[in-house]
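Below is one structure, written out as structure tokens, with a few remarks after it.
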Amino acid sequence: MPSYLLDNRSLINNIENMKYTAEDLSYDYNALEPFIDQQTMEIHHDKHYVGYVDKLNAALEPHPDLQDKSLEDLLKNLNDIPDSIRSAVRNNGGGALNHAMFWQLLKKDVAISGDIATAIDERFGSLSEFKAQFTDATLKVFGSGWAWLVVANGQLEIVTTANQDTPISSGQMPILGLDVWEHAYYLKYQNRRPEYIEAFFNVINWEQVNEYYNNSK
Ligand code: MN
């Protein structure tokens, strides 16, 4: 399976200082208003995401042999990670990778087009049917986790994961993800997860989804 997520993009493994780096957002914190508010983006990126990257680096510090692997490789092969740090890599490495993807998947005013549009129509019947099924799956995530559109065995599937688990660890290739930890929406939406999901559909960067989809082939 080719490395499809991280070539020439965020979370570059910086060989020089042997650390993963948290990438800045490629847009302003308020760029997704009113759907995702500025304060949520500031805390989500600067505190939660940066925290995952920092804790991942701390866990890997005694293991220089692991530091020059890509994050995607580490998470694809969790069984190869030493017992003493496997949970830390799973949780914080997953957090680092999931969020790096998530930032890139958000942009206002991008209509769906390209191969992904065709593939969604073929698999789900229509974009609105996909939206209905994705929303249903997302509402059923109990506690903290993520909902995903993945490519698995060459087919689009909607899946969910708990905590910061990534579908990559199960051999699936995520191309769209929605963070449903409360830290992702509580300031603006409190307990109203359905409104947050509805808002998300206004800020999906379908060009990026299409690129991930094409890279997954
Ligand atoms: Mn998050």
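In my numbering, the protein residues as written are 790 to 1006.
Quick reminder that beta carbons are idealized off the backbone N, C-alpha and C, glycines included.
Within the DSSP bridge table, the entry for residue 949 names 936 as partners. Taking all protein chains in view, the Cβ of residue 888 is crowded by 16 or more other Cβ atoms within 10 Å, so the residue is classified as buried. Within 7 Å of the C-beta of residue 951 there is not a single heavy atom belonging to the ligand MN.
Contact annotation, residue 992 with residue 897: C-beta distance approximately 5 Å; criterion of less than 8 Å satisfied. Counted as a single uninterrupted DSSP element, the alpha helix (DSSP H) harbouring residue 855 occupies residues 853-856. For residue 966, no alpha helix (DSSP H) segment is defined; the enclosing uninterrupted segment is the beta strand (DSSP E) at 962-968. Around the C-beta of residue 928, fewer than 16 other C-beta atoms lie within 10 Å, and the residue is accordingly described as exposed.
Annotation for residue 892 indicates a beta carbon at 7 Å or more from all heavy atoms of the ligand MN. With 16 or more neighbouring CB atoms inside 10 Å of its own CB, residue 833 falls in the buried class.
Closest in alpha carbon position to residue 967, among 941, 863, 950, is 950. Within the model, the alpha-carbon separation for residue 917 versus residue 907 is close to 13 Å. If you look at residue 973, you'll find it isn't in any alpha helix (DSSP H); DSSP assigns it neither H nor E. Contact between residue 940 and residue 841 does not hold, since their C-beta atoms are separated by about 24 Å, which reaches or exceeds 8 Å. With contact defined as three or more Cβ pairs closer than 8 Å, the stretch 970-982 and the stretch 824-832 are in contact. Taking 7 Å as the cut-off, one finds no heavy atom of the ligand MN near enough to the beta carbon of residue 826. One thing to note: residue 861 has its Cβ within 8 Å of the Cβ of residue 886.
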